[in-house]
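Visitor: Shown below is the structure under consideration.
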Amino acid sequence: MNINATLIGQLIAFAVFVIFCMKYVWPPLMAAIEARQKTIADGLADAERAGKDLELAQEKATAQLREAKQQAAEIIEQAKKRANQLVDEETQRGHAEREKIINQGYAEIEAERNRAKEDLRKQVAALAVVGAERILQREIDAAAQDDIVEKLVAEL
Amino acid sequence: MASEYTTSEYIKHHLTNARMCTSDDGIVFNKACEDAGFWVWHVDTLGWSIGLGLLFLWLFRSVAKKATTGVPSKTQAFVELVVDFVNENVTSTFHGRSSLIAPLALTIFVWVLLMNLMDLVPVDVLPMIAGAIGEYGFGMDPHDVYMKAVPTTDLNLTFALAIGVFFLIIYYSLKMKGIGGFAKELTMQPFGHWAFIPVNFILETVTLLARPLSLALRLFGNLYASELIFILIATIGLFQLPLHFAWAVFHILVLPLQAFIFMMLTIVYLSLASEDH
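Quick note, the sequences are listed as chains D and X, same order.
The letter at position 78 of the first sequence is residue 83 when you use the numbering used here, and the numbering goes up by one with no holes.
The letter at position 52 of the second sequence is residue 724 when you use the numbering used here, and the numbering goes up by one with no holes.
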């Protein structure tokens, strides 16, 4: 095998290639690869975080929805109660009113009757007076006087 | 296969590098260089390997310049795939912090892979083009134009890579353990007694030297053998087509595997060198 000066030439070429590769080829390629790896890693981390955020937001929304439903149910319950209360109150008031009106009616009827009685009594007195006058006009017939009085008494 | 060759001439022609050297007549090529000794340059190995190295650096540099941290282009995605593959292997094996190991591993992997892939170019194509250029462009005999297009089948290249790695092993050993620590590692292992220092030194030196040697010879041996088989298949006439296809398919596995092994062993050796026991 013939080892010759080619060896020296190849050694120099090898050294130059390695140094060039070390200075101008490897660092920019590695930098680009590492930067992209970082970008991808960041992107994945962001996506994961966003997923977690979404989950949290959904949980929160569900909880709020449940709370809102509960509140709505409470409000409806309260409203029903209030409505029942109002109906009861109104019913009682109505009963009281009716009672009052009926009592008033009774009182008015009583008063009317009393007044009618009074009128009647006044008319009886007037009749009595008229009867007395008539009796006085017919003094001749004493016996007839008794008749009239008896008639008057019977009219009462 | 050119018919005017004998089979052994054909094989020999394919396994000979294009050589260049200086002599008293100025720059001369190939057969004129047989007596030049050490100072011969394999211009085909140098040309193809440096060309492929520049292709690698140009491709990766052009992507690195436009590298976006957002959605990558398809080229960038491919380059990042390779870079990430190398980076994963480095970080899982080498536990220290070093800005050199990963780019070194990337360079070795992609460069060796590109050079290995030259093995899949049909064995006659590039020598014939080179021969035609030599014949019609420069008036040479095409038999005297050589073109061995797979740089990793040249021991000079694999040894250059391995020696580079060996220097780094020494450098990391000294940097992480200091001269004393490194000397202690060479002399006080595996037997921790002063009487064994010579034995230990011999054993540890062999271990140390075996690493670059095995790196270089493994890559060279695999690629040289596979290239040789490709050439042998090319000598058998029409039946070469299915054989050639089967052997090439097999090398879709072998070629990246050899590049990967070279890279992986480099990382392992350097991590061993930089770890204290």
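Built from N, CA and C at the ideal position, the CB exists for glycine as well.
Taking 8 Å as the cut-off, does the region 728-744 of chain X touch the region 894-902 of chain X (at least 3 CB pairs, one atom from each stretch)?
Guide: As far as the Cβ criterion goes, the region 894-902 of chain X does not touch the region 728-744 of chain X, which means the pair count is below three.
Visitor: For the structure I just gave you, are there three or more beta carbon pairs, one from the region 713-729 of chain X and one from the region 17-27 of chain D, closer than 8 Å?
Guide: With a cut-off of 8 Å, the region 17-27 of chain D and the region 713-729 of chain X count as touching, because enough Cβ pairs lie within range.
Visitor: Considering Cα atoms alone, identify which of T678/X, S680/X, M787/X, H686/X is closest to V817/X.
Guide: Of T678/X, S680/X, M787/X, H686/X, the residue nearest in Cα terms is H686/X.
Visitor: Would you check if there are 3 or more beta carbon pairs closer than 8 Å linking the region 812-832 of chain X to the region 842-853 of chain X?
Guide: No, they do not touch.
Visitor: For the region 711-723 of chain X, enumerate the residues whose C-beta is nearer than 8 Å to any C-beta of chain D, in chain order.
Guide: Under the 8 Å Cβ criterion, the region 711-723 of chain X contributes W711, V712, W713, H714, T717, L718, S721, I722.
Visitor: Using the C-alpha atoms, what's the distance from L778/X back to M935/X?
Guide: Cα to Cα, M935/X sits roughly 8 Å from L778/X.
Visitor: Give the straight-line distance between the Cα atoms of I24/D and V735/X, rounded to the nearest whole angstrom.
Guide: If you take the alpha carbons of I24/D and V735/X, they lie about 18 Å apart.
Visitor: Using a beta-carbon distance cut-off of less than 9 Å, what residues from the region 47-69 of chain D approach chain X?
Guide: Within the region 47-69 of chain D, no residue qualifies.
Visitor: Give a yes or no on whether the minimum CB-CB distance between N788/X and chain D is below 8 Å.
Guide: Cβ-Cβ to chain D under 8 Å: no for N788/X.
Visitor: Quick one: complete alpha helix (DSSP H) runs, 4+ long, within the region 826-885 of chain X?
Guide: 827-859, all fully within the region 826-885 of chain X.
Visitor: Out of curiosity, what's the CA-to-CA distance linking W919/X and A882/X?
Guide: Rounded to the nearest angstrom, the two C-alpha atoms are 30 Å apart.
Visitor: Taking its Cβ as the centre, do 16 or more other Cβ atoms sit within 10 Å of V92/D, making it buried, or is it exposed?
Guide: So V92/D ends up on the exposed side.
Visitor: Starting from T907/X and walking both ways along the alpha helix (DSSP H), at which residues does that stretch end?
Guide: It is not in any alpha helix (DSSP H) - T907/X carries neither H nor E in the DSSP assignment.
Visitor: Can you find at least 3 beta carbon pairs, one from the region 26-41 of chain D and one from the region 733-752 of chain X, that sit closer than 8 Å?
Guide: Segments in contact, yes.
Visitor: Compute the Euclidean distance between the alpha carbons of A708/X and S745/X, then round it to the nearest angstrom.
Guide: Distance between the alpha carbons of A708/X and S745/X: 51 Å.
Visitor: For I8/D and chain B, any beta-carbon pair shorter than 8 Å?
Guide: In the structure shown, chain B does not exist; the protein chains are D and X.
Visitor: Check whether the Cβ atoms of L648/X and F873/X lie closer than 8 Å to each other.
Guide: Residue coverage of chain X in this structure runs from 673 to 949, which leaves residue 648/X outside it and unanswerable.
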